[in-house]
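Colleague: A single structure is presented below for examination.
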Amino acid sequence: MKVLILNASPRRYGTISQAVERFAEGVQNSCGYDFSEDVQVENINVNDLKFAHCTGCMQCRKCGTCCLPRDDAHRVAEKIEACDVLVVAAPVYWGNIPGTLKTLFDRMVYALMTESRRGIPQPLHKGKAAYIITSCSTPFPFNFFCGQTSGVVKALKEILGTAGFKIRGKVVVPGTKAKEGLPIRTGKFAYRLGFSV
Ligand SMILES: Cc1cc2nc3c(=O)[nH]c(=O)nc-3n(C[C@H](O)[C@H](O)[C@H](O)COP(=O)(O)O)c2cc1C
Numbered sequence: 031m032k033v034l035i036l037n038a039s040p041r042r043y044g045t046i047s048q049a050v051e052r053f054a055e056g057v058q059n060s061c062g063y064d065f066s067e068d069v070q071v072e073n074i075n076v077n078d079l080k081f082a083h084c085t086g087c088m089q090c091r092k093c094g095t096c097c098l099p100r101d102d103a104h105r106v107a108e109k110i111e112a113c114d115v116l117v118v119a120a121p122v123y124w125g126n127i128p129g130t131l132k133t134l135f136d137r138m139v140y141a142l143m144t145e146s147r148r149g150i151p152q153p154l155h156k157g158k159a160a161y162i163i164t165s166c167s168t169p170f171p172f173n174f175f176c177g178q179t180s181g182v183v184k185a186l187k188e189i190l191g192t193a194g195f196k197i198r199g200k201v202v203v204p205g206t207k208a209k210e211g212l213p214i215r216t217g218k219f220a221y222r223l224g225f226s227v
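Count along the sequence shown from 1, add 30, and you get the number used in this note's numbering.
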């Protein structure tokens, strides 16, 4: 089983990066042994990637790939095609996902969906599992009432849902300004998300 994690936080030791570490640990613990050939976890930081912006040419809808010169967006698209489980971990930026992650997803439309003749999206990852991890500085319950973390969840549900992924769980960490690190309970991310291998 291949678990692909896309970490969209530029902060190496920030909330999202810690949460991703815990998630990977949780997967490891739920397996009961160190990662083996059976379970491979790959953690990609979106901020380390080099890729061009989508030009909106729509050619990918016809030819099933992106016509721009090969870059990291093509490489991540291949990894998404090969993965069984996708984890998208993103901090809230302006009530939404960070621009880097949105730019990456804009480049990977062809790897996530096709279109019917009339332009109706057809998912390419039907039935695969996805998990969402997000955090924001707005404390609970204001993150909820002011649509902060829900903006990220909505955006990712749109992308992942259209691609056919089934969102199996989400972890929301609000109020990060007042907190040092993650609350202890997040140590069991994978269990809480119902992750099992
Ligand atoms: C450019 C930028 C925009 C942000 N916008 C919001 C926001 O709209 N709402 C919010 O609650 N927090 C916002 N934040 C705060 C982050 O979501 C918060 O600090 C988060 O925990 C960062 O996660 P990280 O440490 O893993 O990067 C913003 C932070 C940055 C840098």
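Where a beta carbon is used, it is the ideal one built from N, C-alpha and C, also for glycine.
Quick check: is any heavy atom of ligand 1 less than 8 Å from the C-beta of Thr130?
Modeller: no
Colleague: If you measure between the beta carbons of Ala159 and Leu186, is that distance less than 9 Å?
Modeller: no
Colleague: Comparing alpha-carbon positions, which option in Lys132, Tyr123 and Gly177 lies nearest Leu190?
Modeller: Nearest C-alpha to Leu190 among Lys132, Tyr123 and Gly177: Lys132.
Colleague: Quick check: does the Cβ of Lys207 come within less than 8 Å of any heavy atom belonging to ligand 1?
Modeller: yes
Colleague: Using a strict less-than 5 Å threshold between each residue's beta carbon and the heavy atoms of ligand 1, what residues do you get?
Modeller: Ser39, Arg41, Gly44, Thr45, Ile46, Pro121, Val122, Tyr123, Trp124, Gly125, Ser165, Cys166, Ser167, Thr168, Gln178 and Thr206
Colleague: Thinking C-beta only, is Thr130 closer than 9 Å to Val76?
Modeller: yes
Colleague: Could you please give me the residues that DSSP links to Thr192 through a beta bridge?
Modeller: Answer is none; Thr192 lacks a bridge partner.
Colleague: Is Tyr43 helix, strand or coil when you go by DSSP?
Modeller: coil
Colleague: With burial defined as no fewer than 16 other Cβ atoms inside 10 Å of the residue's Cβ, what is the status of Pro121: buried or exposed?
Modeller: That one is buried.
Colleague: At the level of alpha carbons, what is the spacing between Arg42 and Glu108?
Modeller: Roughly 25 Å between the two C-alpha positions.
Colleague: Quick one: what does DSSP say Phe139 is sitting in, helix, strand or coil?
Modeller: Checking the displayed sequence, the identity of residue 139 turns out to be Val instead of Phe. Of the three classes helix, strand and coil, the one that applies to Val139 here is helix, per DSSP.
Colleague: Let me know the secondary structure DSSP gives Ala112 once reduced to three states.
Modeller: helix
Colleague: Please report how far the alpha carbon of Val182 lies from the alpha carbon of Lys80, in whole angstroms.
Modeller: Cα-Cα distance, rounded: 23 Å.
Colleague: For Tyr63, name the three-state secondary structure that DSSP assigns.
Modeller: For Tyr63, the pLDDT reaches just 49, beneath the cut-off of 50, and the residue's location in the model is therefore unreliable, leaving the point undetermined.
Colleague: Just list the residues that DSSP pairs Val182 with in beta bridges.
Modeller: Partner(s): none; Val182 has no beta bridge.
Colleague: Count the other C-beta atoms from every protein chain shown that fall within 10 angstroms of the C-beta of Arg137, then say buried if there are 16 or more, exposed otherwise.
Modeller: Flag for Arg137 reads buried.
Colleague: Can you pull the DSSP bridge partners for Glu150?
Modeller: Rather than Glu, the amino acid found at residue 150 in this sequence is Ile. DSSP, once it has assigned bridges, lists no residue as partnering Ile150.
Colleague: Is it true that the CB of Asn37 sits closer than 9 Å to the CB of Asn73?
Modeller: Yes, Cβ-Cβ distance for Asn73 and Asn37 is below 9 Å.
Colleague: Using 10 angstroms around the beta-carbon of Phe53, count the other beta-carbons present and answer buried if the total reaches 16, otherwise exposed.
Modeller: Per the 10 Å Cβ criterion, buried.
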